[in-house]
Amino acid sequence: MKKYAVLSMDVEDWYHLDYFKKEECDQSQSTLDGLDIYLDILDRYDIKTTFFIVGELVEVLKDKIKLIQQKGHEICLHSYAHQRPLQLSPEDFRKDTLKGMHTFKEYTDIEVTGYRAPCFSLDRERLEVLRDLGFNFDSSKIKFDAHDLYGRMDLNGFEEFNSVVYKQGSFYEFEASTVEVFGKSLPVSGGGYLRIFPWALTKALLKKYFKTNQHYFFYIHPFEFSKNYNIRIPEKTDFKTKIRFNQGRKSVENKMHKLIKLLKENNYSFVTFNQIMKNEG
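Using the UniProt record's numbering, read the sequence shown as starting at 1 and increasing by one per residue.
This is how it looks when you write it as structure tokens:
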């Protein structure tokens with residue numbers, strides 16, 4: 001059976017990161033140049049993928065979003081204001097999601113049918129809200145109990161296609177890739193893990209993952225590729241957060257090329273989530 005890799009991007013700015021207080025951030029500073037850098041990488045390898053975009057950025061990025069779609073990429077929703085859904089009531093989550101959907105329709109005429117929650121912060125009750133609103137898939141599941149911001153999703157009643165694809169009726173759930181090490185799940189799905197881990201460790205974990213898993217689902221953010229290394233973060237930011245924000249940003253682009261080449265060597269085909277649904281539906 002064919003092996004697919006989805007190299008998705010969560011399009012948000014640095015001040016959307018959950019470990020900053022948005023209201024304390026100077027939002028005139030931006031790291032969205034990282035989106036262009038990533039698009040250039042995708043163009044170089046002729047890769048099509050899925051972009052999950054924060055709704056409140058749609059107006060300013062509307063022309064870029066249309067270009068991304070014209071290039072053959074998939075456009076999806078990453079909430080409206082990058083609030084963790086588990087911090088919202090189900091009704092407020094519905095309102096936030098509807099606002100994001102309407103914003104896309106107003107500024108780009110795109111009807112989004114895929115969703116990813118900020119910080120993978122989703123449970124079954126809110127997943128059902130997405131299904132009720134007409135979404136075709138979600139990609140907010142991750143097996144990593146050590147992260148206190150991530151949600152825990154019950155998929156009772158879903159059919160498990162393989163270790164990272166689940167389906168109930170016509171609705172799909174895609175799980176971020178993790179690998180079991182000493183009985184614990186460890187993410188190998190990108191983001192800060194690609195930045196912070198040494199490449200030798202990432203490569204070893206990925207090789208272990210490839211032995212037992214069919215598909216590979218990755219995510220990353222514009223700030224991780226951004227060349228704006230002089231962001232003035234809030235004065236009271238603790239040392240751990242400073243390290244987590246800055247560590248590995250200058251090396252991640254090189255690691256991205258290595259990741260793509262490693263996936264190619266292991267016979268992965270690069271697709272969007274929607275293509276997987278069409279191919280496996």
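Where is the CB? At the ideal position from N, CA and C, for every residue including glycine.
TODO: Return helix, strand or coil for Cys76, following the three-state DSSP convention.
DONE: Against the sequence shown, residue 76 aligns to sequence position 76. Note: Cys76 maps to strand in three-state DSSP.
Open item on the list: So Phe104 and Val112 are supposed to be a Cβ contact under 8 Å. How far apart are they, rounded?
Closed with: Taking the first residue of the sequence shown as 1, we reach residue 104 at position 104. Taking the first residue of the sequence shown as 1, we reach residue 112 at position 112. Between Phe104 and Val112 a beta carbon distance of about 5 Å is seen, short of the 8 Å cut, so the two are scored as contacting.
Task: Between the CA atoms of Lys99 and Asp43 - distance to the nearest angstrom - done: In the sequence shown, the residue the question calls residue 43 occupies position 43. In the sequence shown, the residue the question calls residue 99 occupies position 99. In this structure, the straight-line span from the alpha carbon of Asp43 to that of Lys99 is close to 31 Å.
Open item on the list: Checking 8 Å against the spacing of the C-beta atoms, do Trp199 and Lys258 come in under that value?
Closed with: As a first step, residue 199 must be located in the sequence shown, where it is residue number 199. As a first step, residue 258 must be located in the sequence shown, where it is residue number 258. Contact flag set, yes.
- [ ] Tell me whether the beta-carbon of Tyr107 lies closer than 8 Å to the beta-carbon of Lys64.
- [x] Along the sequence shown, read from residue 1 onward, the residue named residue 107 stands at position 107. Along the sequence shown, read from residue 1 onward, the residue named residue 64 stands at position 64. Taking the C-beta atoms as reference points, Lys64 is found no nearer than 8 Å to Tyr107.
TODO: Compute the Euclidean distance between the alpha carbons of Val165 and Glu24, then round it to the nearest angstrom.
DONE: Within the sequence shown, residue 165 is the residue found at index 165, counting from 1. Within the sequence shown, residue 24 is the residue found at index 24, counting from 1. Take the alpha-carbon of Val165 and the one of Glu24: they are about 38 Å apart.
TODO: In angstroms with no decimal places, state the Cα-to-Cα distance between Ser8 and Leu86.
DONE: Translated into the one-based positions of the sequence shown, residue 8 becomes position 8. Translated into the one-based positions of the sequence shown, residue 86 becomes position 86. For Ser8 and Leu86, the gap between their C-alpha atoms comes out near 22 Å.
Task: Ser226 vs Thr49 beta-carbon contact at 8 Å - done: For the purposes of this step, residue 226 is taken as residue 226 along the sequence shown, with counting starting at 1. For the purposes of this step, residue 49 is taken as residue 49 along the sequence shown, with counting starting at 1. In terms of Cβ geometry, Ser226 and Thr49 do not form a close pair [threshold 8 Å].
Open item on the list: In the DSSP output, what is Gly248 paired with across the bridge?
Closed with: For the purposes of this step, residue 248 is taken as the residue at position 248 of the sequence shown. Gly248 pairs with nothing; no bridge assigned.
Task: Pairwise C-alpha distance: Phe52 and Val11 - done: Taking the first residue of the sequence shown as 1, we reach residue 11 at position 11. Taking the first residue of the sequence shown as 1, we reach residue 52 at position 52. Rounded to the nearest angstrom, the two C-alpha atoms are 6 Å apart.
Open item on the list: I'd like to know whether the C-beta atoms of Ala5 and Phe218 end up nearer to each other than 8 Å.
Closed with: Reading the sequence shown from its first residue, position 5 is the one you call residue 5. Reading the sequence shown from its first residue, position 218 is the one you call residue 218. A distance below 8 Å separates the beta carbons of Ala5 and Phe218.
TODO: With Ile220 as the anchor, note down where its alpha helix (DSSP H) starts and where it stops.
DONE: Taking the first residue of the sequence shown as position 1, residue 220 is located at position 220. Counting along the chain, Ile220 falls outside any alpha helix (DSSP H), though it belongs to the beta strand (DSSP E) covering 216-220.
Task: 7 Å Cβ shell around Glu56 - same chain, five flanking residues per side excluded - done: Here the question's residue 56 lines up with position 56 in the sequence shown. Within the same chain, Glu56 has close Cβ partners Tyr80, Ala81.
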